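To start, the structure itself, in structure tokens.
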């Protein structure tokens, strides 16, 4: 089941610009993860941020987490045409099942 | 990172037939695998959680008799769509979980596109 929403649903930017996507969720979490999906393909894990972390970096990616607001953001700096894809946040809630619950996704288009 | 494969990558079948999709973890053992369904331009919806050696746990609204899951080994889970109908046409994605400490990272297969005519 989908736990939360992502916004914007779609984002179109020029190459070189930064892209910011937001994710909101509803329950307490153990960690939050961001995934990327190229059209018609599987998901690629980008970054994981734990509930006790506020910010994390990986290359051109910067993720923030605000557990008080139950929200996270993914920033892609200096975007490239190859970054065009759908981006999903996924929350790992506490509990025995440890299932991931995916957000609704943001379709990012980077124009060359 | 860990690699998960799916076979076939796409399949077209006639209404009423059954289709089996395989999900394999290639370089690690996965005690838990997940099956998701994704309709066009939508997010992944969890169908079931598959634990090696035990019955799968299905999400609400997913018919266990229609979507048969078998997880007979630590590297293989199969999803069989029985008596497929056009509304079952979708992108089916599996993932295998690696639990490292408190992390819960899932590695996803490339997906299987099912088209039921």
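Protein chains in written order, with my numbering: chain R, 101 to 212; chain B, 230 to 346.
Where is the CB? At the ideal position from N, CA and C, for every residue including glycine.
Keep in mind that this is a model prediction, so the values were computed, not measured.
Span of the beta strand (DSSP E) around residue i
i, result
"residue 265 of chain B", "261-267"
"residue 135 of chain R", "129-137"
"residue 309 of chain B", "305-310"
"residue 254 of chain B", "248-254"
"residue 144 of chain R", "143-150"
Coarse secondary structure for residue i, derived from DSSP in three states
i, result
"residue 356 of chain B", "The structure shown does not extend to residue 356 of chain B, since chain B is modelled only from 230 to 346, so the question has no answer here."
"residue 202 of chain R", "strand"
"residue 107 of chain R", "strand"
"residue 115 of chain R", "coil"
"residue 101 of chain R", "Its pLDDT being 46, under 50, residue 101 of chain R is placed unreliably by the model, and nothing is read from it."
"residue 155 of chain R", "strand"
"residue 313 of chain B", "coil"
Partners in chain R for residue i, counting only beta-carbon separations shorter than 8 Å
i, result
"residue 334 of chain B", "133, 145, 148"
"residue 250 of chain B", "The contacting residues do not exist; residue 250 of chain B stays about 13 Å from chain R at best."
Proximity of residue i and residue j at Cβ, strictly below 8 Å
i, j, result
"residue 149 of chain R", "residue 175 of chain R", "no"
"residue 325 of chain B", "residue 298 of chain B", "no"
"residue 140 of chain R", "residue 322 of chain B", "no"
"residue 189 of chain R", "residue 168 of chain R", "no"
Contacts that residue i makes with chain B (C-beta to C-beta distance below 7 Å)
i, result
"residue 205 of chain R", "272"
Partners in chain R for residue i, counting only beta-carbon separations shorter than 7 Å
i, result
"residue 282 of chain B", "Result: empty, since nearest Cβ-Cβ is about 17 Å, beyond 7 Å."
Neighbour list for residue i in chain B, Cβ cutoff strictly below 8 Å
i, result
"residue 141 of chain R", "339, 340"
Under 9 Å by beta carbon: chain R residues contacting residue i
i, result
"residue 241 of chain B", "Near residue 241 of chain B there are no residues of chain R at all, since even the closest Cβ is about 15 Å away, more than 9 Å."
"residue 263 of chain B", "199, 200"
"residue 275 of chain B", "101, 199, 200, 201, 202"
Nearest to residue i (by Cα), restricted to the options the options
i, options, result
"residue 257 of chain B", "B:293, B:345, B:337", "B:337"
"residue 109 of chain R", "R:204, R:119, R:136, R:135", "R:204"
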